[in-house]
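Inspection log for the structure reproduced underneath, given as C-alpha cells.
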Amino acid sequence: MINVVWFKRDLRITDHAPLMQACATGPVLPLYLYEPSLIAQPDVSAQHVAFINQCLTTLRADLNTLGLALLTRVGEALAVLADIHHRVGTFTLWSFEETGNGATYQRDKRVLAWCRANGVAWHESPSGAVVRRLKDRDRWSGIWMQRMRNEPLDAPTVAVQANVQIDSHGIVATAHLPVSGCDKPLRQRGGRTVALADLHSFFNVRGQHYRIAMSSPLSAADACSRISAHLAYGSLSVREVVHAVWQQRALLQGQPPDCVEPGWLASLKSFESRLHWHCHFIQKLESDPSIEFSNMHRAYAGLREDNYNAALQTAWRNGETGLPMIDACMRMLTATGWINFRMRAMLVSFSSYHLWQHWREPALHLAREFLDYEPGIHYPQVQMQSGTTGINTVRMYNPIKQARDQDPTGAFVRRWIPVLGRVPTDFIFEPWLMPDNLQREYGCVLGRDYPLPVIDVIAAAEHARSTMWVTRKGNSFRKEAQAIFETHGSRNPAREGIKVRKTRSVRETREAETSARQTSLFD
DNA sequence: AGTGCAGTTGACTTT
DNA sequence: TAAAGTCAACTGCAC
Numbered sequence: 004m005i006n007v008v009w010f011k012r013d014l015r016i017t018d019h020a021p022l023m024q025a026c027a028t029g030p031v032l033p034l035y036l037y038e039p040s041l042i043a044q045p046d047v048s049a050q051h052v053a054f055i056n057q058c059l060t061t062l063r064a065d066l067n068t069l070g071l072a073l074l075t076r077v078g079e080a081l082a083v084l085a086d087i088h089h090r091v092g093t094f095t096l097w098s099f100e101e102t103g104n105g106a107t108y109q110r111d112k113r114v115l116a117w118c119r120a121n122g123v124a125w126h127e128s129p130s131g132a133v134v135r136r137l138k139d140r141d142r143w144s145g146i147w148m149q150r151m152r153n154e155p156l157d158a159p160t161v162a163v164q165a166n167v168q169i170d171s172h173g174i175v176a177t178a179h180l181p182v183s184g185c186d187k188p189l190r191q192r193g194g195r196t197v198a199l200a201d202l203h204s205f206f207n208v209r210g211q212h213y214r215i216a217m218s219s220p221l222s223a224a225d226a227c228s229r230i231s232a233h234l235a236y237g238s239l240s241v242r243e244v245v246h247a248v249w250q251q252r253a254l255l256q257g258q259p260p261d262c263v264e265p266g267w268l269a270s271l272k273s274f275e276s277r278l279h280w281h282c283h284f285i286q287k288l289e290s291d292p293s294i295e296f297s298n299m300h301r302a303y304a305g306l307r308e309d310n311y312n313a314a315l316q317t318a319w320r321n322g323e324t325g326l327p328m329i330d331a332c333m334r335m336l337t338a339t340g341w342i343n344f345r346m347r348a349m350l351v352s353f354s355s356y357h358l359w360q361h362w363r364e365p366a367l368h369l370a371r372e373f374l375d376y377e378p379g380i381h382y383p384q385v386q387m388q389s390g391t392t393g394i395n396t397v398r399m400y401n402p403i404k405q406a407r408d409q410d411p412t413g414a415f416v417r418r419w420i421p422v423l424g425r426v427p428t429d430f431i432f433e434p435w436l437m438p439d440n441l442q443r444e445y446g447c448v449l450g451r452d453y454p455l456p457v458i459d460v461i462a463a464a465e466h467a468r469s470t471m472w473v474t475r476k477g478n479s480f481r482k483e484a485q486a487i488f489e490t491h492g493s494r495n496p497a498r499e500g501i502k503v504r505k506t507r508s509v510r511e512t513r514e515a516e517t518s519a520r521q522t523s524l525f526d
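What the first sequence shows, in my numbering, is residues 4 to 526, in sequence order.
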C-alpha cells in the first residue's frame with residue numbers, strides 16, 4: 004500500500020513529521036494540489052501562487068535528493084484522491100493539520116468523509132503549537148514549550164518512490180489558474196534556499212536592532228526577520244526558527260558580555276516572543292473558525308456592516324486617502340507585498356475607525372496584498388485592530404502622530420508619494436494646511452496633484468471613540484467579553500493590553516485585587 | 001538664599 | 001501593538 008504525502012502549507016522536507024512517518028511506513032507519493040476552487044477564493048492573489056511555485060521548485064529538488072518525485076495536479080482534492088484511489092486501490096494519506104480559511108476547512112471535512120467512505124486512513128500531524136480541539140486555554144502556554152522543546156526533525160534519509168502512473172502537471176504558471184491580480188515584481192522570493200538565507204542574515208547581520216527598528220517602515224523592511232512568508236507556506240517550520248533563536252542566544256551568552264554587540268539579546272527576546280504569538284493567534288482561528296466571518300463580540304454586530312462606502316474603500320485601497328502616512332504605507336504594501344506590523348495595525352485602524360468601515364472587505368483586500376497572509380493570524384488581528392474582539396481595549400492610531408513618530412524627516416512619505424517630494428517637513432504629514440501659494444510653489448496643489456483628506460482625522464476619531472465606548476458600556480458587554488477571554492485570551496499578564504503596574508497605593512492594590520478578573524480584561 | 005511661577009516631565013487614568 | 005487627559009513632582013528663572 005502506498006503512502007500519499009499531501010503537501011499543503013508545509014513546503015519543506017525537514018521537520019516534516021508526515022513525510023518522515025510515511026517514509027518509514029512504505030513507498031511514498033509526494034503530492035501537491037492546485038485546487039481551483041481554493042485558488043479562486045477572495046483571499047488569494049497571484050503573488051501567493053507565484054511564491055508557492057518558487058517553494059515548490061526547491062521542494063521538488065529536495066525531494067529528488069531523497070529519490071522522490073513530486074506529483075502536482077490541478078484539480079479538486081476529492082477528484083484527485085479518487086483518481087489515485089482508482090489507479091492504486093486504497094492508500095494511506097499523510098499531511099499536517101491545516102488551520103486555513105473557511106474553504107480549506109470545508110474541503111478538509113469533505114476529504115475526511117471521503118477517506119472514511121473509501122477505507123483510506125488519513126494521518127494528520129499537528130502544525131507548530133496549534134492544538135486541534137483544545138479544551139482549556141489555561142494549559143496552552145505550556146503546550147507551546149512542550150511542542151517547541153523537541154529537536155526539529157531531520158529530512159528522511161531513506162525513501163522509496165511509489166510507482167503510480169499519473170502525469171505530473173509540474174509547476175503551473177499563474178496564468179493557467181483562476182487566480183486574481185498580478186504577481187508583484189518587488190515581492191520577496193520564495194523557497195527553502197531563500198528562507199534559510201533570510202534567517203541567516205537576520206541572525207548575523209540585520210536583526211541587531213530589531214526590537215527598536217521594527218516600528219518604523221523606514222527601517223523595518225531590513226531589520227525585521229522577513230521569515231513570515233516562509234512560515235506561512237512552510238518552507239521553514241516554527242520549531243526550526245525557535246531552535247535557531249535558542250542556538251543564537253546560547254552563542255551570544257557564551258561570549259563575554261562586553262563583546263556582544265548592543266541590541267542583539269533584547270532583539271532575540273523580542274523575536275522569540277513573536278514566535279510564541281504566531282501560534283497563539285493561529286490557535287484562536289483554529290478554536291473558532293467563525294472569527295474569519297463575524298465579530299467576535301456580538302455587541303458589535305451591525306455596528307459598521309451597513310456603512311459600506313465604495314468611494315472610501317477605493318481611496319484606502321489605492322493609497323489616495325489624502326493622509327500621506329496612510330497612503331505611503333498602502334503604496335509600499337501594494338508594490339512589495341509587505342509592510343511592518345505597526346503600520347498594518349494603523350491601516351486597519353484607519354479603515355475601521357476613521358473611515359468607519361466594517362473589517363471584512365478590507366481584510367480580504369489585505370489578505371491578497373500581504374504575501375505572508377496567514378488566516379489564523381490575519382483575522383484575529385484585523386478584529387483586534389477594529390475593536391470587535393471585546394477583550395482588547397480600543398487602539399486607535401492617529402496617522403499624523405504615527406507619521407511624526409515613525410518618519411520624522413518625511414523620507415518614507417516622500418519615497419512612496421513622489422508628488423510630495425518638495426513639500427517641507429512641517430507640512431508633509433498634513434499637506435492640506437499649506438497656503439495656496441506654497442502649494443503652487445512646491446508643485447503640490449491639493450485636489451489636483453494629491454487628494455484632500457477624505458475625512459477630518461480629529462472629528463472622525465472623536466466619533467469612532469465615542470461610538471465604541473458607548474457600545475462597551477452596554478449591560479451585557481462584560482459578561483460576553485469574559486466568555487471570549489476564557490476561550491481565546493492570553494494567560495500572560497503582561498500581554499494583550501493587560502498592564503502590570505510598577506507601583507500602586509494600598510487602596511489601589513486592594514481595589515485591583517477585589518476586581519482582578521474585570522480589570523485584567525479591560526485595562 | 002528663598003519664593004513664586006510658568007513650563008516640563010512622567011506616572012497613571014480614562015476613553 | 002493607542003491617544004488624550006490629569007495630576008503631582010520637578011526645573012529653570014526672575015526677583
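Built from N, CA and C at the ideal position, the CB exists for glycine as well.
Beta-carbon proximity list for residue i, same chain, < 7 Å, skipping 5 on both sides
i: leucine 367; result: Pro45, Asp46
i: glutamate 372; result: Leu336, Thr337, Gly340
i: phenylalanine 99; result: Lys11, Asp13, Pro21, Glu127, Ser128, Ser130
i: tyrosine 35; result: Phe10, Leu59, Leu73, Thr75
i: glutamine 251; result: Phe206, Leu271
i: tyrosine 445; result: Arg425, Val426
i: alanine 80; result: Leu36, Glu38, Arg110, Val114
i: arginine 90; result: Val167, Gln168, Ile169
Identified DSSP bridge partners for residue i
i: tryptophan 125; result: Leu96
i: glutamine 164; result: Val31
i: tryptophan 9; result: Leu34
Own chain residues within Cβ distance below 6 Å of residue i, not counting five before or after
i: glycine 492; result: Ile394
i: aspartate 452; result: Val422
i: alanine 49; result: Thr177, Val182, Gly184, Cys185, Asp186
i: glutamate 323; result: Pro454
i: glutamate 275; result: Val248
i: arginine 150; result: Ala132
i: serine 219; result: Gln409
i: lysine 505; result: Legend: pLDDT at lysine 505 = 36, less than 50; position of this residue unreliable, value from coordinates given subsequently. For lysine 505, where only same-chain residues beyond five positions count, there are no Cβ hits under 6 Å.
Nonlocal neighbours in the same chain, by C-beta distance under 8 Å from residue i, ignoring five residues either side
i: isoleucine 487; result: Met299, His300, Thr392, Gly393, Ile394
i: threonine 17; result: Pro155, Leu156, Asp157, Ala158, Ser240, Glu243
i: glycine 477; result: Ala302
i: asparagine 310; result: Trp359, Gln360, His361
i: histidine 88; result: Phe94, Asn121, Val123
i: isoleucine 55; result: Leu14, Gly193, Tyr236
Residue i classed as buried or exposed, judged by whether at least 16 other C-beta atoms fall within 10 angstroms
i: valine 114; result: buried
i: glycine 305; result: exposed
i: glycine 145; result: exposed
i: tryptophan 147; result: buried
i: asparagine 121; result: exposed
i: leucine 288; result: buried
i: arginine 510; result: Reliability of the predicted coordinates at arginine 510 is poor, the pLDDT of 35 falling under 50, and no value is obtained from them.
i: leucine 283; result: Reading the sequence as shown, one finds histidine at residue 283 and not leucine. Burial call: buried.
i: threonine 95; result: buried
i: methionine 4; result: exposed
i: serine 355; result: buried
i: threonine 102; result: buried
i: glycine 92; result: exposed
i: histidine 357; result: buried
i: valine 457; result: buried
i: alanine 25; result: buried
Whole beta strand (DSSP E) runs in the region 32-106 with 3 or more residues, listed along the chain?
-> 74-77, 95-99
Counting Cβ pairs closer than 8 Å, one from the region 275-293 and one from the region 417-429, do we hit at least three?
-> no
Completely contained alpha helix (DSSP H) runs for the region 237-274, where each covers 4 or more residues = 241-256
In chain order, each alpha helix (DSSP H) run of at least 4 residues that lies wholly inside the region 436-465 | 439-444
Indicate whether the contact test is met: 3 or more Cβ pairs, each with one atom in the region 59-69 and one in the region 193-202, closer than 8 Å.
-> yes
Would you call the region 245-264 and the region 397-405 touching, i.e. three or more CB-CB distances under 8 Å?
-> no
Inter-stretch contact at 8 Å, needing at least 3 Cβ pairs: the region 69-77 / the region 122-141 = no
Does the region 463-482 come close enough to the region 435-443 to have 3 or more Cβ pairs within less than 8 Å?
-> no
In chain order, each alpha helix (DSSP H) run of at least 4 residues that lies wholly inside the region 127-189 = 143-152
The region 370-384 contacting the region 224-237, beta-carbon criterion three pairs below 8 Å | yes
Can you give, in chain order, each stretch of the alpha helix (DSSP H) that sits fully within the region 192-242 and has at least 4 residues?
-> 195-207, 213-216, 223-226, 231-235
Every unbroken alpha helix (DSSP H) within the region 316-362, with a cutoff of 4 residues, ordered by chain | 327-339, 344-352
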